[in-house]
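Presented below is the structure to which this report refers.
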Amino acid sequence: MILIDDRFLPESEASVSYMDRGYYFGDGIYEVFRIYNGQLYEKPAHYERLIRTAREVKMRLPAPIETIDDRLTELLERSGVRNGILYVQITRGVAPRSHAFPPAETKPVLLAYCNELERPVGKMQSGISAITLPDIRWLRCDLKTLNLLGSVLAKQEAAEAGADDVILHRDGIVTECSASNLMIVKDGEVSTHPADHLILHGITRAVVLRLAEENGIPAHEIAFSLEALRQADEVFLTGTTMELFPIVTIDGVSVGGGQPGPVTRKLQAAFEKTIPI
Ligand code: PLP
Numbered sequence: 015m016i017l018i019d020d021r022f023l024p025e026s027e028a029s030v031s032y033m034d035r036g037y038y039f040g041d042g043i044y045e046v047f048r049i050y051n052g053q054l055y056e057k058p059a060h061y062e063r064l065i066r067t068a069r070e071v072k073m074r075l076p077a078p079i080e081t082i083d084d085r086l087t088e089l090l091e092r093s094g095v096r097n098g099i100l101y102v103q104i105t106r107g108v109a110p111r112s113h114a115f116p117p118a119e120t121k122p123v124l125l126a127y128c129n130e131l132e133r134p135v136g137k138m139q140s141g142i143s144a145i146t147l148p149d150i151r152w153l154r155c156d157l158k159t160l161n162l163l164g165s166v167l168a169k170q171e172a173a174e175a176g177a178d179d180v181i182l183h184r185d186g187i188v189t190e191c192s193a194s195n196l197m198i199v200k201d202g203e204v205s206t207h208p209a210d211h212l213i214l215h216g217i218t219r220a221v222v223l224r225l226a227e228e229n230g231i232p233a234h235e236i237a238f239s240l241e242a243l244r245q246a247d248e249v250f251l252t253g254t255t256m257e258l259f260p261i262v263t264i265d266g267v268s269v270g271g272g273q274p275g276p277v278t279r280k281l282q283a284a285f286e287k288t289i290p291i
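Whatever position you read off the sequence shown (first residue = 1), add 14 for this note's numbering.
This is the structure we're talking about:
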């Protein structure tokens with residue numbers, strides 16, 4: 015079941031125009047919601063980010079957010095997915111290829127679907143490996159847009175190196191991972207890059223910072239170096255589909271003895287309690 019604008023279509027009938035600006039320019043925005051037990055997790059935060067991204071890229075939404083919410087809720091019900099993701103993207107619409115915005119009457123195109131996806135408990139427990147790479151993305155990484163080539167190339171480089179993910183840095187300052195935020199733990203204190211234009215303002219990141227505070231774990235939104243990353247006691251990433259993944263190997267060197275650390279474990283347990291039953 016695919017939602018295109020306001021039509022619910024079987025996958026075999028769903029299609030978009032070759033003149034869609036999302037296809038030519040990556041001229042679109044998106045969100046990925048986590049579905050836990052048939053409910054959208056942190057729904058208001060995702061809508062807030064979608065609205066902000068639309069505003070920042072000067073794109074109008076195809077309908078008021080309440081109407082979009084009604085349609086996505088219906089999609090979720092019709093899809094029957096209990097645990098998984100809901101993907102929604104909105105492009106600036108269909109128009110002959112020309113970089114500047116299309117005529118004002120051009121309708122944005124919304125596309126959404128739900129997929130089953132179990133919680134990746136194996137990787138949450140064992141942890142993953144990562145390599146470090148220069149962050150070659152643009153300077154508005156706070157916007158959740160379809161322009162993902164920087165992340166695609168980085169993730170591919172990790173795959174070719176036999177690693178699970180990549181930790182990006184700009185001139186030695188660690189930003190985030192290819193599709194998740196990064197946190198380090200040193201002497202029991204958490205640090206993560208400030209929510210500025212260089213990282214996506216992750217919703218899981220915000221939840222984890224709140225949980226750290228509630229659990230008496232000092233947490234700092236502060237830039238830190240590759241050197242600090244290498245000296246960290248614990249490293250973990252946060253993201254909608256991953257929740258918290260410990261990173262136990264970086265560039266082939268193990269972090270904190272190669273096992274997920276106690277602060278990561280504590281935050282994982284706290285996160286699990288926020289999942290609706
Ligand atoms: N950073 C990047 C570059 C991402 O693409 C994502 C998610 O897709 C995140 C961070 C994590 O954000 P969230 O926790 O909202 O999924």
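Glycine residues also receive a C-beta, built at the ideal position from the N, C-alpha and C atoms. As the structure is a prediction and not an experimental result, all values here were calculated from the model.
Heavy atom of the ligand PLP less than 6 Å from the Cβ of residue i, yes or no?
i	result
asparagine 195	yes
leucine 251	no
isoleucine 217	yes
leucine 214	yes
threonine 254	yes
glutamate 190	yes
Can you check whether the CB of residue j is closer than 7 Å to the CB of residue i?
i	j	result
isoleucine 49	leucine 17	no
glutamate 248	glycine 272	no
histidine 211	arginine 154	yes
glycine 141	proline 274	yes
serine 143	aspartate 185	no
valine 277	valine 199	yes
threonine 105	glycine 42	yes
aspartate 149	threonine 189	yes
Once DSSP output is grouped into helix, strand and coil, what is the label at residue i?
i	result
proline 78	coil
isoleucine 65	helix
leucine 214	coil
glutamine 139	helix
aspartate 13	Any question about residue 13 goes unanswered here, given that the chain covers just 15 to 291.
glycine 275	coil
threonine 159	strand
lysine 72	coil
aspartate 84	helix
For residue i, does the count of other Cβ atoms within 10 angstroms reach 16, so buried, or fall short, so exposed?
i	result
glutamate 241	exposed
histidine 183	buried
serine 268	exposed
glutamate 45	buried
glycine 299	Here the chain has residues from 15 to 291 only, and residue 299 is not among them.
glutamine 103	buried
lysine 72	exposed
glycine 9	Missing from the structure shown is residue 9; the chain here goes from 15 to 291 and no further.
valine 166	exposed
When you compare only the Cα positions, how much space is there between residue i and residue j?
i	j	result
leucine 214	serine 192	10 Å
glutamate 203	isoleucine 291	30 Å
methionine 256	proline 134	7 Å
lysine 287	glutamate 91	24 Å
asparagine 195	lysine 57	19 Å
proline 110	methionine 33	6 Å
arginine 224	threonine 206	13 Å
lysine 280	glutamine 139	12 Å
arginine 244	alanine 28	47 Å
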